[in-house]
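Protein chains in written order, with our numbering: chain R, 883 to 1070; chain B, 4 to 429.
Ideal Cβ placement from N, Cα and C applies to all residues, glycine included.
First comes the structure, then the notes that go with it.
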Amino acid sequence: MAHDAGTDTPAATGGEGVRRRDFINIAAVSAAGVGGLAVVYPLVSQMSASADVLAESSTEVDLSQVEPGQAIKAIFRKQPLFVRNLTPAEIAEANKVDVATLRDPQTLAERTKEGHENWLITMGVCTHLGCVPSGVAEGEVKGEFGGYFCPCHGSHYDVAARIRKGPAPKNLVVPDYEFTSDTVVKIG
Amino acid sequence: MSFPWSKEYTPSHPLMVWLDEKLPLPRLVYGAVGGGYEVPRNLNYMWNFGFLAGLCLMIQIVTGVVLAMHYGGDTKVAFDSTEHIMRDVNWGWMLRYGHANGASAFFVVVYAHIFRGFYYGSYKAPREMIWLLGVVIFLLMMATAFMGYVLPWGQMSFWGAQVITGLFSAIPLVGDPLREWLLGGFSPDNATLNRFFSLHFLLPFVILGVVILHVWALHIPGSSNPTGVEVKSESDTVPFFPYFVGKDGWTIGLFMLIYSAFVFFMPNALGHPDNYIPANPMQTPAHIVPEWYFWPFYAILRAFTVDFLIVPAKLMGVLAMFAAILVWFFLPWLDRSPVRSANYRPLYRKFFWVLVLDVAVLAYCGGAPAEEPFVMISQIASLYYFLHFFVIVPVVSSIERPDPLPYSITEAVLGTDESAKLDGNG
């Protein structure tokens, strides 16, 4: 019965089934296997981002110098960050688009903070393969939809940095951020 | 292959006899690339590229090991140490230009070697394993070349690393964590450069190991030949030494002439000026292109611009690019024609040249900017590329009527073969 299971096994009886040597074999191979995995784990894990890389977590950006219609490039986690002050005309243009027709459907309101709809803050990293799109500085190519254009593989983003044409699958990523005052944002 | 008439290694000097008993290394070399290896007598110049590829690997290992004595794999010093090699290290300019152009030379030679395989059906039984190992070598070469290009830490180095590691982020669910794991951060940085240097040093020796397997697998059935007819008798073969060692020596001379012309007279012809600008994570070059040998695959990557059902365009491009090489693994089973050489396959021969043209078009588009008409041309050429392997090759192999094959290699060379005659002596 259940309570005395184990006392009647072939090993204990010295019968045909599991012998003492089988047990030692399985135990030895199992211990070596677990030991091997225990060694592999740090060997794999050492390749992940190290503590100092992870420590570069947040950045503050001063918005006071950015006029409507202008944009600036800041640095967040060693990657470019686009901060754009949208004009009322650009906001109207972004809201005019039928969201259902977009590849990655999002409204401008979902991509900005309430009360700060004119501040479009996104990563400057194309969601295709990671190039920096152009369109921040004056005179740079903004693409067919007036936002950003990635020169590597031809992705066009609109004024709300939403993907409209080309190979990129997603809109430019909006990082976590908050307004610490009317003119300062804390990213990350 | 060891044919019944292959010569046996017979050391005469007492020292060599002693060595043969303790460690028969000279016996191994004699049988592998010496007088003991019998090869078909009709091999043409397309059979010289394997030996040349081995030479290129040696050039890369020798120049690479000495370059590593002067290079620093740290983002703060990588670019400057590369310039230090170019300006201050004795003969450093020659070593670096030799290494950079050596990579291009290696790919030229290997592409010729691969297309020789396509034309003469070298991948067919009993030589499938040689072919499969060859594709593995090619994949390892691509990884090694890519990581090597990152090391100078110029603009193209940095953005090449960004784009190529970005390919992995296309994989659903695990893509982004996988990419961060490969990079050791959120974007290419010191951790990335350091590990690429380590792997770039390691992989050539892995390639060397697979090359040894490749040559070992070759020596089991023996070399193929332009007729595709197997060796039948002693009159079909000649010993590798001196006949093909001599012929390979002659093509090595030709190769060195062309290679030296690049190293000494146009060392930057195949490079990009942007890579002489230090890496800047804030500024993407206006026109990112990989090195020329990746262009056909880069064109396939960029050809996918619209989503396909539930698969996003980005993932489609990445899958197609890898599939373009992985399909070669299946070639021995996609091509079911019993005739190996395209010399006797009139229909396949035409499609072979269309494929050559198609890959050339892809290469051109891969090096061109991502705009029309190049995007549309890449799309058509990519479609044809896959059509060739998945439809044309299997269909042609079943409907084609091959030309008559010669009885033997000897007959193909001399017009007659004594052993072909029915037993005239009664």
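### Task
Could you spell out the range, first to last residue, of the beta strand (DSSP E) harbouring B:Trp50?
The residue given as residue 50 of chain B occupies position 47 in the second sequence. Unbroken run through B:Trp50: none, as it is neither H nor E.
### Nearest to B:Leu176 (by Cα), restricted to the options B:Glu131, B:Met97, B:Leu318
Counted from its first residue, the second sequence places residue 176 of chain B at position 173. Ranked by Cα distance from B:Leu176, the first of B:Glu131, B:Met97, B:Leu318 is B:Leu318.
### Message
I need the boundaries of the beta strand (DSSP E) containing B:Ser160, first residue and last residue.
### Response
Translated into positions along the second sequence, residue 160 of chain B becomes position 157. No beta strand (DSSP E) contains B:Ser160, which is instead part of the alpha helix (DSSP H) from 158-171.
### Message
Any beta carbon of chain R sitting closer than 7 Å to that of B:Phe189?
### Response
Translated into positions along the second sequence, residue 189 of chain B becomes position 186. Interface residue (Cβ-Cβ distance to chain R less than 7 Å): B:Phe189 is classified as such.
### Task
Locate the alpha helix (DSSP H) running through B:Val330, then write down its first and last residues.
Within the second sequence, the letter at position 327 stands for residue 330 of chain B. Per DSSP, B:Val330 belongs to the alpha helix (DSSP H) from 316-337.
### Message
What does the alpha-carbon distance come out to for the pair B:Val112 and B:Pro409?
### Response
The sequence position of residue 112 of chain B within the second sequence is 109, counting from 1. The sequence position of residue 409 of chain B within the second sequence is 406, counting from 1. So the alpha carbons of these two residues sit roughly 30 Å apart.
### Query
Does B:Trp184 have its Cβ less than 7 Å from a Cβ in chain R?
Translated into positions along the second sequence, residue 184 of chain B becomes position 181. For B:Trp184, the nearest beta carbon of chain R is closer than 7 Å to its own beta carbon.
### Task
Measure the C-alpha to C-alpha separation of B:Arg343 and B:Ile174 and round it to an integer number of angstroms.
Sequence index remark: in the second sequence, residue 343 of chain B carries index 340 (1-based). Sequence index remark: in the second sequence, residue 174 of chain B carries index 171 (1-based). Rounded to whole angstroms, B:Arg343 to B:Ile174 spans 38 Å at the Cα level.
### Task
Go through the region 7-32 of chain B residue by residue and report every complete run of the beta strand (DSSP E) that reaches 3 residues or more, in order.
Fully enclosed beta strand (DSSP E) runs of 3 or longer: not present.
### Query
By Cβ distance, which residues of its chain are closer than 7 Å to B:Cys368, with the 5 residues on each side in sequence left out?
The count along the second sequence starts at 1 and reaches residue 368 of chain B at position 365. Same-chain partners within the cutoff: Ala302, Phe377, Ile380, Ser381, Ala384.
### Query
According to the Cβ coordinates, are R:Val981 and R:Val965 closer than 7 Å?
Residue numbering aside, residue 981 of chain R sits at position 99 when the first sequence is read from its first letter. Residue numbering aside, residue 965 of chain R sits at position 83 when the first sequence is read from its first letter. No. Outside cutoff.
### Task
Pull out every residue of the region 151-168 of chain B whose Cβ sits closer than 9 Å to any Cβ of chain R, in chain order.
Along the region 151-168 of chain B, the positions whose C-beta sits under 9 Å from a C-beta of chain R are Trp162, Gln165, Val166, Ile167, Thr168, read in chain order.
### Query
Taking the alpha carbon of B:Ile313 as the point to measure from, which residue in R:Arg985, R:Glu996, R:Thr1009 has its own alpha carbon closest?
Locating residue 313 of chain B in the second sequence gives position 310, counting from the first residue. Nearest to B:Ile313 by alpha-carbon distance, out of R:Arg985, R:Glu996, R:Thr1009, is R:Arg985.
### Task
Answer yes or no: does any C-beta atom of chain D fall closer than 7 Å to that of B:Ile88?
The question asks about chain D, but that chain is absent: this structure's protein chains are R and B.
### Task
Taking all protein chains shown into account, decide if B:His217 is buried (16 or more other Cβ within 10 angstroms of its Cβ) or exposed.
Numbered from 1 along the second sequence, position 214 holds the residue referred to as residue 217 of chain B. With 16 or more other Cβ atoms inside 10 Å of its own Cβ, B:His217 counts as buried.
### Task
Check the Cβ-Cβ distances between B:Ile291 and every residue of chain R, and say whether any is below 7 Å.
Here residue 291 of chain B corresponds to residue number 288 of the second sequence, with the count starting at 1. At least one chain R Cβ lies under 7 Å of B:Ile291.
### Task
Measure how close the beta-carbons of B:Val153 and B:Phe199 come, nearest whole angstrom, since I'm counting them as under 8 Å.
Counting from 1 along the second sequence, the entry for residue 153 of chain B is found at position 150. Counting from 1 along the second sequence, the entry for residue 199 of chain B is found at position 196. Taking 8 Å as the upper bound for CB-CB distance, B:Val153 and B:Phe199 are in contact here, some 5 Å apart.
### Message
Suppose you measure from the CA of B:Tyr100 to the CA of B:Gln158; what does that come to, to the nearest Å?
### Response
As a working note, residue 100 of chain B is residue 97 in the second sequence. As a working note, residue 158 of chain B is residue 155 in the second sequence. Cα-Cα distance, rounded: 18 Å.
### Query
Nearest-angstrom Cα distance between B:Lys235 and B:Val42?
Indexing the second sequence from 1 puts residue 235 of chain B at position 232. Indexing the second sequence from 1 puts residue 42 of chain B at position 39. Spanning the two alpha carbons is a distance of roughly 12 Å.
### Message
Less than 6 Å between C-beta atoms, sequence neighbours within five positions excluded: which residues of the same chain meet that for B:Ala106?
### Response
Here residue 106 of chain B refers to the residue found at position 103 of the second sequence. Excluding sequence positions up to five before and after B:Ala106, its CB lies within less than 6 Å of the CB of Ala148, all in the same chain and listed in chain order.
#### Entry: Per-residue burial, B:Val20 [other beta carbons within 10 Å of its own, 16 or more giving buried]
The count along the second sequence starts at 1 and reaches residue 20 of chain B at position 17. In the assembly as shown, B:Val20 is an exposed residue. Its beta-carbon has fewer than 16 other beta-carbons within 10 Å.
### Backbone CA spacing between R:Thr1004 and R:Ala974 [nearest angstrom]
Start at 1 with the first residue of the first sequence, and residue 1004 of chain R comes out as number 122. Start at 1 with the first residue of the first sequence, and residue 974 of chain R comes out as number 92. If I take the Cα positions, the gap works out to 19 Å.
### Task
Take the Cβ of B:Phe300 as the centre, count every other Cβ of all protein chains shown within 10 Å, and call the residue buried at 16 or more, exposed below.
On the second sequence, residue 300 of chain B is found 297 positions in, with the first residue counted as 1. Using a 10 angstroms sphere on the CB of B:Phe300, the tally of other CB atoms reaches 16 or more, which defines it as buried.
### Query
Which whole-angstrom value is the C-beta distance of B:Ala56 and B:Phe109, which I expect to be below 8 Å?
For the purposes of this step, residue 56 of chain B is taken as the residue at position 53 of the second sequence. For the purposes of this step, residue 109 of chain B is taken as the residue at position 106 of the second sequence. With a contact defined as Cβ atoms closer than 8 Å, B:Ala56 and B:Phe109 qualify at about 7 Å.
### Query
Assuming B:Gly38 and B:Lys10 make a contact with CB atoms under 8 Å, what is their CB distance in whole Å?
As a first step, residue 38 of chain B must be located in the second sequence, where it is residue number 35. As a first step, residue 10 of chain B must be located in the second sequence, where it is residue number 7. Your pair B:Gly38 and B:Lys10 checks out as a contact, with CB atoms roughly 5 Å apart and the cut at 8 Å.
### Query
Where does B:Pro245 fall in DSSP's three states?
Counting from 1 along the second sequence, the entry for residue 245 of chain B is found at position 242. DSSP places B:Pro245 within a helical segment (H, G or I) once states are collapsed to three.
### Task
Compute the Euclidean distance between the alpha carbons of R:Thr1065 and B:Ser201, then round it to the nearest angstrom.
For this step, residue 1065 of chain R is matched to residue 183 along the first sequence. For this step, residue 201 of chain B is matched to residue 198 along the second sequence. Looking at the two C-alpha atoms, the distance is approximately 46 Å.
### Task
Have a look at the DSSP bridge pairing and note the partners of B:Trp298.
Against the second sequence, residue 298 of chain B aligns to sequence position 295. Looking at the DSSP assignment, B:Trp298 forms no beta bridge with any residue, so it has no partner.
### Contact under 7 Å by Cβ, B:Leu136 with B:Leu206
Position 133 of the second sequence, counted from the first residue, corresponds to residue 136 of chain B. Position 203 of the second sequence, counted from the first residue, corresponds to residue 206 of chain B. In this structure, B:Leu206 does not lie closer than 7 Å to B:Leu136 by Cβ.
### Those residues which DSSP pairs with R:Arg966 across a bridge
Along the first sequence, read from residue 1 onward, the residue named residue 966 of chain R stands at position 84. DSSP, once it has assigned bridges, lists R:Ala953, R:Leu1002 as partnering R:Arg966.
### Query
Of all the residues that make up the region 1005-1029 of chain R, which are near chain B by a beta-carbon distance shorter than 7 Å?
Here the close residues are His1010, Leu1011, Gly1012, Cys1013, Val1014.
### Task
Check each candidate in B:Trp184, B:Tyr262, B:Phe82 and name the one with the smallest Cα separation from R:Val926.
Sequence index remark: in the first sequence, residue 926 of chain R carries index 44 (1-based). Among B:Trp184, B:Tyr262, B:Phe82, the Cα nearest to that of R:Val926 is on B:Trp184.
### Task
From the DSSP output, in three-state form, read off R:Cys1034 for me.
In the first sequence, the residue the question calls residue 1034 of chain R occupies position 152. Reduced to three states, the DSSP call for R:Cys1034 is coil.
### C-alpha gap between B:Ser226 and B:Asp239, whole angstroms
Your numbering for residue 226 of chain B matches position 223 in the second sequence. Your numbering for residue 239 of chain B matches position 236 in the second sequence. Looking at the two C-alpha atoms, the distance is approximately 12 Å.
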